[in-house]
Each structure stands twice: as C-alpha cells, then as structure tokens.
Amino acid sequence: MRYQVYLFDLDGTLLDTLSDLTAATNAALAAYGCPARTREEVKGFVGNGIRLLIERAAPAGTPYLEEIFSEFRTYYAAHCFDHTRPYPGVEDMLREIVRRGGKAGIVSNKADFAVQELTGRFFKGLVQAAAGENEGAGIRKKPAPDLVYSVLGRLGEDGTGAVYVGDSEVDIQTAKNAGLPCISVTWGFKTREFLLANGATRLVDRPEEICR
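Mapping of the sequence shown onto UniProt numbering: residues 1 to 212, in sequence order.
Here it is in structure tokens:
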C-alpha cells in the first residue's frame, strides 16, 4: 500500500448523495415558490458547501436565501439516508485499508452534522475521523487546508504518508493547499476531462485502485 493515511471527500467520492441532495434542494426551493432544479444542475452546484449550493440553485436576486438555506438543512437532516449509498467497491476498499494497518478519515464541505450521521451509518469501524463544514468555529472550509489538518490531528498524524482523495477541482486545490498528493476519482460529480483540465495528476476509475 503506497500510503498509510487516506483522507477522503464524501459526496461524489465515498457516497452517491446526489438524489437526496436534489430532493432537499427542490423541497427548499418549492417552500419559497422557486422553480425546481434538475439532478444534473444540482450535480454542478455541489462541492463548496450547502450555502453556495443554495445560492447557485435559487433564482438570482431572491430575498429568501437564508430561509431556503434553513429549509434545506431541516429537510436534509430528515432525509439524508433516503437514497444515499456508498459507491460500489468503496466499503471493500476501506476494509482493505484497515486490514493493512492504514487509517482513513473524511474531510467534507458538507454540514458537519450530516457528515457525522452519514459516516456513522455507512462507515462505522472503517473511518477513524470525520469533519464537515464548521466555519462557525473558525475552521475554514475546503479548499483551505483547515479541515485536513483537523482530521489529521484527530488521527494522530502529521501528514507524512498521507494522501487526499476526491472527485472535484475543490479537492485538487485542497490537497495542494495542505501539501498532500491527490488522487482524483472519475465516478463522482465531475468528468475525467474536467478533472484533468483542473490539475488532476492521478486518476482512478475504481475504488480498489486507490489502495494499490
């Protein structure tokens, strides 16, 4: 195994969350009379946290951004497990990391409450530390390296022998800012071509390739 510490993005990397994110976005928009967004549109909006997702999804100039944001959080908290599942092969890949004595952590711009719930539901015993968006505590979201350093600290690591794994340009920049190598996955929310155009240096098409 090339690395001993694996830090993963969550949405589009470990979990296919798109159906539940789309449902929550449209429920929040509908509550304030805004038009629905398609699954593909929402796919393009994710990666920078819920607040930016809502800003991108809501009509320009809407006066209800805070209310829509609050509605999203309420709906998503109740429905984040409806259709979300690990991508095929992800659980086996995490088990292999653990079997070989490695460590796994999650670093996400998703709201921290959702990161903790989803990690506990799907990856209990496989992921040793997880952190989501928590800017209220002064921890900047990705691509700032703060969350990476926070999770490394929880794992008792300093970044030596660590790699960052994600599916977007935000993840590529996060890894760069944290001084870590990056593995970009092609099954997530961005295309291979997009990732290469945004600086990807190593791409994998299947989870089992990550821990080789």
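Ideal Cβ positions, reconstructed from N, Cα and C, are used throughout, including at glycine.
The structure presented is a predicted model; accordingly, all values stated were derived computationally and were not measured.
By Cβ distance, which residues of its chain are closer than 6 Å to residue i, with the 5 residues on each side in sequence left out?
| i | result |
| --- | --- |
| residue 146 | 139, 140 |
| residue 142 | 109, 170, 174 |
| residue 164 | 7, 175, 180, 182 |
| residue 4 | 102, 161 |
May I have the straight-line CA-CA distance separating residue i from residue j, to the nearest angstrom?
| i | j | result |
| --- | --- | --- |
| residue 60 | residue 41 | 15 Å |
| residue 207 | residue 50 | 26 Å |
| residue 133 | residue 112 | 5 Å |
| residue 117 | residue 193 | 32 Å |
| residue 79 | residue 161 | 37 Å |
| residue 209 | residue 62 | 44 Å |
| residue 205 | residue 186 | 5 Å |
| residue 89 | residue 17 | 16 Å |
| residue 87 | residue 14 | 6 Å |
| residue 56 | residue 97 | 36 Å |
| residue 70 | residue 22 | 15 Å |
| residue 99 | residue 84 | 26 Å |
| residue 39 | residue 190 | 13 Å |
Could you round the C-beta distance between residue i and residue j to whole angstroms and report it? I think they count as a contact, below 8 Å.
| i | j | result |
| --- | --- | --- |
| residue 32 | residue 54 | With a Cβ gap of about 11 Å, residue 32 and residue 54 do not count as contacting. |
| residue 170 | residue 12 | With 8 Å as the limit, residue 170 and residue 12 do not qualify as a contact, their Cβ atoms being about 10 Å apart. |
| residue 126 | residue 94 | 4 Å |
To which residues of the same chain is residue i closer than 8 Å at the C-beta, ignoring the five residues directly before and after it?
| i | result |
| --- | --- |
| residue 128 | 103, 104, 105, 154, 155 |
| residue 212 | 1, 2 |
| residue 172 | 166, 182, 184, 195, 198, 199, 200 |
Using three-state DSSP, classify residue i as helix, strand or coil.
| i | result |
| --- | --- |
| residue 166 | strand |
| residue 44 | helix |
| residue 77 | helix |
| residue 198 | coil |
| residue 10 | coil |
| residue 104 | strand |
| residue 58 | coil |
Once the 5 residues before and after residue i are set aside, which same chain residues still bring their CB inside 7 Å of it?
| i | result |
| --- | --- |
| residue 64 | 32 |
| residue 58 | 29, 34, 65, 68 |
| residue 72 | 24, 25, 28, 50, 54 |
Worksheet item: What are the complete beta strand (DSSP E) segments, minimum 3 residues, inside the stretch 120–146?
Response: 129–133
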